[in-house]
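So the sequence shown is numbered by the working numbering: it starts at 139 and just counts up by one.
For glycine and all other residues, C-beta sits at the position ideal for the given N, C-alpha and C.
The next block holds one structure in the form of structure tokens; read it before the comments.
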Amino acid sequence: MKNFIFYNPTKIVFGKGQIARLPELILKNQKIMMTAGGGSIQKNGVYDQVMRALEGYDIVEFWGFQPNPEYETCMEAIRKAKEEKVGFFLSVGGGSVLDATKFIAASLCFDGEDPWDILSKGAPVQSAVPLGCILTLPATGSESNGNAVISRRERNQKLAFSSPEVMPRFSIIDPETTVTLDARQTSNGIVDAFVHVMEQYLTYDVNTPLQDRQAEAILQTLIEVAPQVKADPKDYDARANIMWCATQALNTLIGCGVVQDWTTHMIGHELTVLFGLDHARTLAIVLPAVMRHQRVQKRDKLIQYGRRVWGIQDADPEKVIDAAIEKTIRFFESAGNPTKLSAYDIPVADCLIAAERLSGREGKIGERQDIGREEIEAILRLGA
Ligand code: NZQ
Ligand code: ZN
Numbered sequence: 139m140k141n142f143i144f145y146n147p148t149k150i151v152f153g154k155g156q157i158a159r160l161p162e163l164i165l166k167n168q169k170i171m172m173t174a175g176g177g178s179i180q181k182n183g184v185y186d187q188v189m190r191a192l193e194g195y196d197i198v199e200f201w202g203f204q205p206n207p208e209y210e211t212c213m214e215a216i217r218k219a220k221e222e223k224v225g226f227f228l229s230v231g232g233g234s235v236l237d238a239t240k241f242i243a244a245s246l247c248f249d250g251e252d253p254w255d256i257l258s259k260g261a262p263v264q265s266a267v268p269l270g271c272i273l274t275l276p277a278t279g280s281e282s283n284g285n286a287v288i289s290r291r292e293r294n295q296k297l298a299f300s301s302p303e304v305m306p307r308f309s310i311i312d313p314e315t316t317v318t319l320d321a322r323q324t325s326n327g328i329v330d331a332f333v334h335v336m337e338q339y340l341t342y343d344v345n346t347p348l349q350d351r352q353a354e355a356i357l358q359t360l361i362e363v364a365p366q367v368k369a370d371p372k373d374y375d376a377r378a379n380i381m382w383c384a385t386q387a388l389n390t391l392i393g394c395g396v397v398q399d400w401t402t403h404m405i406g407h408e409l410t411v412l413f414g415l416d417h418a419r420t421l422a423i424v425l426p427a428v429m430r431h432q433r434v435q436k437r438d439k440l441i442q443y444g445r446r447v448w449g450i451q452d453a454d455p456e457k458v459i460d461a462a463i464e465k466t467i468r469f470f471e472s473a474g475n476p477t478k479l480s481a482y483d484i485p486v487a488d489c490l491i492a493a494e495r496l497s498g499r500e501g502k503i504g505e506r507q508d509i510g511r512e513e514i515e516a517i518l519r520l521g522a
């Protein structure tokens with residue numbers, strides 16, 4: 139097992155009606171900026187619940203974070219937060235609102251010249267304005283980690299940073315807020331959480347049987363619950379189980395001491411920049427292609443995954459791998475996420491630029507640093 143530090147101070151407040159607990163979680167002696175997206179929280183009553191809970195607090199609002207939140211919008215929010223002397227941020231929405239809020243909170247305390255350096259140059263985040271979260275979309279795990287991903291379309295960039303300073307002080311996770319998610323966002327959330335687990339699991343063994351089984355438990359739970367929520371989008375327990383899976387998938391616990399490989403996400407981010415595809419839609423295309431391309435390097439874990447997660451009993455390990463990849467594809471497809479670029483009428487030739495850009499920026503990726511430009515091109519061709 140590799141050395142690790144595990145630090146997760148986010149208080150999780152989980153369950154029905156928990157937004158009413160906000161006054162126990164935020165002090166009154168400061169100005170709060172509530173951040174939000176395009177209006178879903180107004181339609182589903184979450185905004186009203188927040189305002190009721192925070193009656194008597196000094197609140198300003200900032201609306202308009204897009205899915206794959208845009209740098210320019212964050213800069214507008216930073217200007218407003220400075221003017222208003224904001225002391226606490228409350229993100230209400232999905233991962234995009236929360237990621238934007240984390241970037242704003244870090245930028246306000248950044249003493250370098252340009253906050254974009256946090257993303258593009260890995261400039262250190264020494265501190266951040268404190269923030270809390272009300273999560274309405276289970277997918278990213280952002281509610282319980284220090285990561286944020288910000289896009290800058292004018293430069294065709296989508297970049298991430300990570301810092302414990304921006305971990306939410308608390309996250310209220312009320313599954314009832316998610317019943318208004320449409321089939322597309324529900325499916326995206328399931329696939330994103332699934333792939334987060336796979337990126338921390340499907341590498342090579344360094345003797346971490348507990349982490350492996352924790353990862354497998356999340357995968358199996360997602361596989362079990364996905365059809366339930368599809369059959370009945372109002373099924374509270376199914377929504378609750380998906381939400382807790384998504385948090386556990388990327389709250390850094392299953393990643394402790396293991397070898398990770400974020401190739402699928404890195405290639406996926408490039409596809410989002412190029413074609414505007416939803417984050418999880420890119421992952422459903424790229425992961426099966428990575429599994430095929432890295433079949434030899436990931437062999438032992440692919441077999442373990444096939445046997446333990448999918449219960450494939452075949453004695454021939456090669457057949458187990460084939461079936462495991464096939465079952466993964468079928469799972470994504472049945473959840474609602476196509477696994478081929480052609481489903482979006484995207485010719486593979488238009489994607490190859492992603493290989494050049496990603497390898498130019500990151501060098502070789504993968505758990506063995508053996509995925510460069512040519513390999514990324516080959517992976518994209520497998521996703522055609
Ligand atoms: O903007 P509003 O009106 O709120 O609508 C949103 C948005 O259109 C809507 N929505 C959210 N909650 C809803 C709802 N609609 C109905 N009912 C509800 N309860 O859903 C749409 C998508 O929301 P978004 O926040 O973009 O989705 P998600 O949570 O999947 O976040 C995606 C972003 O997170 C990044 C992705 O790259 C992408 O930019 N990621 C962040 C990570 C992290 N911080 O750790 C890790 C991930 O791998 C990922 O990269
Ligand atoms: Zn993701």
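Q: Could you confirm whether any beta carbon from chain C is found closer than 8 angstroms to the beta carbon of F226?
A: Absent from the structure is chain C; it holds one protein chain and no more.
(Q) My assumption, with CB atoms under 8 angstroms, is that A493 sits in contact with R511. Please give the rounded CB distance. (A) 5 angstroms
Q: Using 7 angstroms as the cut-off, classify the Cβ of V367 as near or not near the heavy atoms of the ligand NZQ, replying yes or no.
A: no
Q.
Taking its Cβ as the centre, do 16 or more other Cβ atoms sit within 10 Å of N345, making it buried, or is it exposed?
A. exposed
Q.
Shorter than 7 angstroms, the distance from the beta carbon of S282 to the closest heavy atom of the ligand NZQ, or not?
A. no
Q) Do the stretch 482-489 and the stretch 373-391 touch if we need at least three Cβ pairs shorter than 8 angstroms? A) no
Q. Would a C-beta distance cut-off of 8 angstroms place W448 and K436 closer than the cut-off?
A. no
Q.
What residue range does the alpha helix (DSSP H) around D375 cover?
A. 374-387
Q: Would you mind working out which of P262, L165, N294 sits nearest S245, comparing C-alpha positions?
A: P262
(Q) Between which two residues does the beta strand (DSSP E) holding F226 run? (A) 226-231
Q: Please confirm if the stretch 466-479 is in contact with the stretch 322-341, defined as three or more CB-CB distances below 8 angstroms between the two stretches.
A: yes
Q: Tell me where the beta strand (DSSP E) around S497 begins and ends.
A: First-last for S497: 491-500, but that is the alpha helix (DSSP H), not the beta strand (DSSP E).
Q. Between V397 and Q349, which are expected to be in contact by the criterion C-beta below 8 angstroms, what is the C-beta distance as a whole number of angstroms?
A. With 8 angstroms as the limit, V397 and Q349 do not qualify as a contact, their Cβ atoms being about 10 angstroms apart.
Q. What do you reckon, is the C-beta of L269 under 7 angstroms from a heavy atom of the ligand ZN?
A. no
(Q) Can you tell me whether L360 sits near the ligand ZN, meaning its C-beta is under 7 angstroms from at least one heavy atom of the ligand? (A) no
Q. What is the rounded straight-line gap between the Cα of K166 and the Cα of F226?
A. 10 angstroms
**Q.** T211 beta carbon near the ligand NZQ (any heavy atom closer than 7 angstroms)
**A.** no
Q: Confirm the yes/no value for this check: CB of D416, any heavy atom of the ligand ZN, distance under 7 angstroms.
A: no
Q) Where does V434 land, buried or exposed, given buried means 16+ other C-beta within 10 angstroms? A) exposed
Q. In or out: C79 buried (at least 16 other Cβ within 10 Å) or exposed?
A. This structure leaves residue 79 out entirely; the chain is present only between 139 and 522.
Q: Go to R446, then tell me how far its beta strand (DSSP E) extends in each direction, as first and last residue.
A: Element bounds for R446: n/a, residue is neither H nor E.
Q: Look at I392 and F469 and say whether their C-beta atoms are less than 8 angstroms apart.
A: no
Q: Determine, using beta-carbon pairs with one atom in the stretch 295-304 and one in the stretch 155-174, whether at least three such pairs fall under 8 angstroms.
A: no
Q.
Is the beta carbon of I197 closer than 8 angstroms to that of A215?
A. no
Q: State the start and end residues of the unbroken beta strand (DSSP E) segment that holds F299.
A: 295-300
Q) How big is the Cα-Cα spacing for F142 and T390? A) 10 angstroms
(Q) Between L421 and the ligand ZN, is there a pair consisting of the residue's CB and a ligand heavy atom that are separated by less than 7 angstroms? (A) yes
Q. Under a Cβ-count criterion, where at least 16 other Cβ atoms within 10 Å of its own Cβ denotes burial, should G501 be classed as buried or exposed?
A. exposed
Q: Can you give me the Cβ contacts of M336 inside the same chain, cut-off strictly under 7 angstroms, excluding the 5 residues immediately before and after it?
A: L425
Q. Considering only residues of the stretch 173-236, which uninterrupted alpha helix (DSSP H) runs meet the minimum length of 4 residues and lie entirely inside it, listed in chain order?
A. 178-181, 184-191, 209-222
Q) For D387, which residues of its own chain have a beta-carbon under 7 angstroms away from its beta-carbon, when the five flanking residues on both sides are left out? A) It should be noted that the sequence gives Ala, not Asp, for residue 387. Closer than 7 angstroms at Cβ, skipping near neighbours: G279, A331, H334, V335, I356.
Q) Ordered along the chain, which non-local residues of its own chain (more than five positions away) have a Cβ less than 6 angstroms from that of Y209? A) I288, R290
Q. Can we count E208 as close to the ligand ATP, meaning its CB is less than 7 angstroms from some heavy atom?
A. The model depicted lacks the ligand ATP and carries the ligand NZQ and the ligand ZN instead.
Q. From D255 to S497, what distance separates their C-alpha atoms?
A. 20 angstroms
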